[in-house]
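Note sheet for the following structure.
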């Protein structure tokens, strides 16, 4: 790993099999940010805010963990969503002194853009648990450390509120370090859930009182919840709502919030916000805002068309572009390829786009191995492989029976020996190192792995307008900022194919204007990263619909479903349901 890192830093070719995809992608990001690889020198932020819902919920959990570790040299670190270290618990004199020298201490940010690849910044950048070991760190000063970082997601809103990190000496690293960090993050999220329920109830009561007393636009918000009355939804478009919510949040977060503030909306409309903080149990629980407009708002601007670097493909995520370029280089070299990835990631789409980009007039054939049991499939495969030309893609080869796999291997052997063989690629969802599939893959010297959509979820913002342009002609349908926020938060276990299927379902009832959160199916209100069983999906959909019917009120939604309040909170957390914006 040390040699591979040195090759990367000196701009030499790096064997992708020698480094994990997530680490290599982080190295590339670190290089683009011009992070120093030979030292760590960070600016200090004086007096970070330690009186937040995160710290109040997390610190008891972390202190208990410190007691359980019983003096082990493991540093326990809590950060905010930007990687700023809020607290670090003692781990022994030697390790603490070393962490001080590399600025891994309260008041310093370990965001990836400042330090490069590390457990905290890379976990926050990728939005998932991450362990970084020794020479995987971008900065050489960190190579004696091993760290496991896990983002902390708010159990109700789903947004990232911070990270917990466990750091120890590289020589003391244990495979269970990441598991322990995940467990700790889960305990913090459970504590946040308990605390949030009380604060939300206080905010809800004040919001309802204000709605009864005040005509016009009223909304309430805190870090996790937004409530908005019918008049606000009718008068304000999603863009204007976002502007007002951002201004209200900034005003309420200030140490001395002003009684009112004037905002000019993108449409030119002037809005005056009257903000009133709400306190629960002696702490800030959020605020209620009354808004007066000079005139009605306007509709959101249409979205611009995304840029395509290959025909029919969009996206700029590092792992996604890396996989696409690897397929393209293999095609240009005439090298037969195996393209691997979860179902729905776009394996066939990438191969087809590369072919259309390089040789659009040449024959392109697709054989689906899921149909290999039908009569005539092998005859079609023989014709394309032995008598055809151009490119042949065989999909789902990991689903072939043993007999069909052996027969296809014989055809590939004959095709490879032909004078002018076609270029061949196979796609598979999971790799097998033995059995009949291994016999097939010996014809393909290289495997390119395409990442799941959750590993380049930032590309959702480019994929949505691209898919909408294919589904609805004329460009009359756009996605509102609120709906896009839900789509970006979703984890998409079915990947790009699931996103396309969701939008196709949406355009059946919405073909112009703006897609709103209410237009999205229940599956878009979850951040769960596993595919649910049919029964679980039915339960999730019922909870989401009930929450929508009751404007996000969990108590009333639970009552309508015959659930207790504790059960609906547990189910929201279990399914990763994002509470509807009301």
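Numbering (the numbering used here), first residue to last: 5 to 586.
Glycine included, every Cβ here is placed at the ideal spot set by N, Cα and C.
Using the C-alpha atoms, what's the distance from residue j back to residue i?
i	j	result
residue 170	residue 61	18 Å
residue 143	residue 328	28 Å
residue 391	residue 317	30 Å
residue 1	residue 56	Beyond the ends of the chain as shown, which are 5 and 586, falls residue 1; an answer cannot be given.
residue 82	residue 59	8 Å
residue 207	residue 290	7 Å
residue 145	residue 27	17 Å
residue 216	residue 555	16 Å
residue 577	residue 571	10 Å
residue 80	residue 182	12 Å
residue 416	residue 472	39 Å
residue 278	residue 151	46 Å
residue 103	residue 9	22 Å
residue 343	residue 442	14 Å
residue 46	residue 105	11 Å
residue 4	residue 511	Only positions 5 to 586 of the chain appear in the structure, and residue 4 is not among them; the question remains open.
residue 449	residue 132	31 Å
residue 600	residue 12	Since the first residue of the chain shown is 5 and the last is 586, residue 600 is not available in this structure.
residue 275	residue 221	11 Å
residue 307	residue 509	Any reading at residue 307 needs caution, since the residue's pLDDT is 45, under 50, leaving its predicted position unreliable; the model's value is listed next. Rounded to the nearest angstrom, the two C-alpha atoms are 20 Å apart.
residue 245	residue 552	18 Å
residue 402	residue 432	6 Å
residue 237	residue 264	21 Å
residue 174	residue 141	11 Å
residue 474	residue 580	30 Å
residue 178	residue 225	42 Å
residue 22	residue 527	37 Å
residue 159	residue 166	12 Å
residue 339	residue 460	27 Å
residue 135	residue 153	6 Å
residue 563	residue 546	13 Å
residue 223	residue 266	16 Å
residue 18	residue 495	30 Å
residue 429	residue 233	55 Å
residue 558	residue 377	50 Å
residue 301	residue 235	Low confidence applies to residue 301: its pLDDT is 38, below 50, so where it sits in the model is not reliable, and the reading given next is rough at best. Between residue 301 and residue 235, the C-alpha separation is close to 12 Å.
residue 163	residue 44	29 Å
So what does residue i bridge to, in DSSP terms?
i	result
residue 164	157
residue 134	153
residue 173	149
residue 273	Paired residue(s): none; residue 273 is not in a bridge.
residue 118	Bridge partners of residue 118: none, in fact.
residue 291	225, 281
residue 268	274
residue 246	Answer is none; residue 246 lacks a bridge partner.
residue 67	Beta-bridge pairing links residue 67 to no other residue.
residue 429	341, 397
residue 88	113
residue 450	341
residue 82	91, 168
residue 230	225
Kindly indicate if chain C contains any beta-carbon less than 9 Å away from that of residue i.
i	result
residue 314	No chain C is present in this structure, which holds just one protein chain.
Less than 8 Å between the CB atoms is what I'm expecting for residue i and residue j, so what's the real figure, rounded?
i	j	result
residue 426	residue 357	In fact, because the Cβ distance is near 18 Å, the residues do not count as touching under 8 Å.
residue 515	residue 523	Between residue 523 and residue 515 the Cβ distance is about 11 Å, and since that is not below 8 Å, they are no contact.
residue 481	residue 519	7 Å
residue 248	residue 295	6 Å
residue 529	residue 548	5 Å
residue 419	residue 319	The pair is not a contact, with the Cβ atoms about 32 Å apart (cut-off 8 Å).
residue 412	residue 445	Going by Cβ atoms, the distance from residue 412 to residue 445 rounds to 11 Å, so no, they are not a contact pair.
residue 3	residue 85	With the chain running from 5 to 586 in the structure shown, residue 3 is simply not present.
residue 352	residue 399	6 Å
Does the beta carbon of residue i fall short of 8 Å from some heavy atom of the ligand PLP?
i	result
residue 55	The ligand PLP is absent from the structure shown, which contains no ligand whatsoever.
Is there contact between the stretch 92 to 105 and the stretch 186 to 199, where contact requires at least three CB pairs shorter than 8 Å? The stretch 92 to 105 is not in contact with the stretch 186 to 199.
Using a Cβ distance threshold of 8 Å, determine whether the stretch 450 to 463 contacts the stretch 537 to 552, with at least three qualifying pairs required. Contact between the stretch 450 to 463 and the stretch 537 to 552 is absent, because fewer than three Cβ pairs lie under 8 Å.
Would you check if there are 3 or more beta carbon pairs closer than 8 Å linking the stretch 82 to 89 to the stretch 106 to 118? Contact between the stretch 82 to 89 and the stretch 106 to 118 is present: 3 or more CB-CB pairs across the two stretches fall below 8 Å.
Three Cβ pairs or more, each shorter than 8 Å: is that satisfied between the stretch 116 to 131 and the stretch 22 to 38? The stretch 116 to 131 vs the stretch 22 to 38: in contact.
Only counting runs of 4 or more residues, tell me where the alpha helix (DSSP H) segments fall wholly within the stretch 458 to 488, in order along the chain. 464 to 475, all fully within the stretch 458 to 488.
For a minimum of 3 consecutive residues, which ranges assigned as the beta strand (DSSP E) are wholly contained in the stretch 295 to 372? Segments of the beta strand (DSSP E) lying fully in the stretch 295 to 372: 312 to 314, 341 to 344, 368 to 372.
For the stretch 366 to 379 against the stretch 319 to 327, do three or more pairs of beta-carbon atoms, one drawn from each stretch, fall closer than 8 Å, so that the two count as touching? Touching, no.
Residue ranges of each beta strand (DSSP E) within the stretch 488 to 545, 3 or longer: Unbroken beta strand (DSSP E) stretches of 3 residues or longer found wholly inside the stretch 488 to 545: 517 to 519, given in chain order.
Runs of alpha helix (DSSP H) lying entirely within the stretch 25 to 52, each at least 4 residues, in chain order: Correct list: 25 to 36.
Could you name each continuous alpha helix (DSSP H) segment of 4 residues or more that falls completely within the stretch 370 to 417, going from the start of the chain to the end? With a minimum length of 4 residues, the continuous alpha helix (DSSP H) runs that stay inside the stretch 370 to 417 are 381 to 386.
If we count Cβ pairs, one from each stretch, closer than 8 Å, do we get three or more for the stretch 500 to 507 versus the stretch 337 to 356? Contact between the stretch 500 to 507 and the stretch 337 to 356 is present, with at least three C-beta pairs closer than 8 Å.
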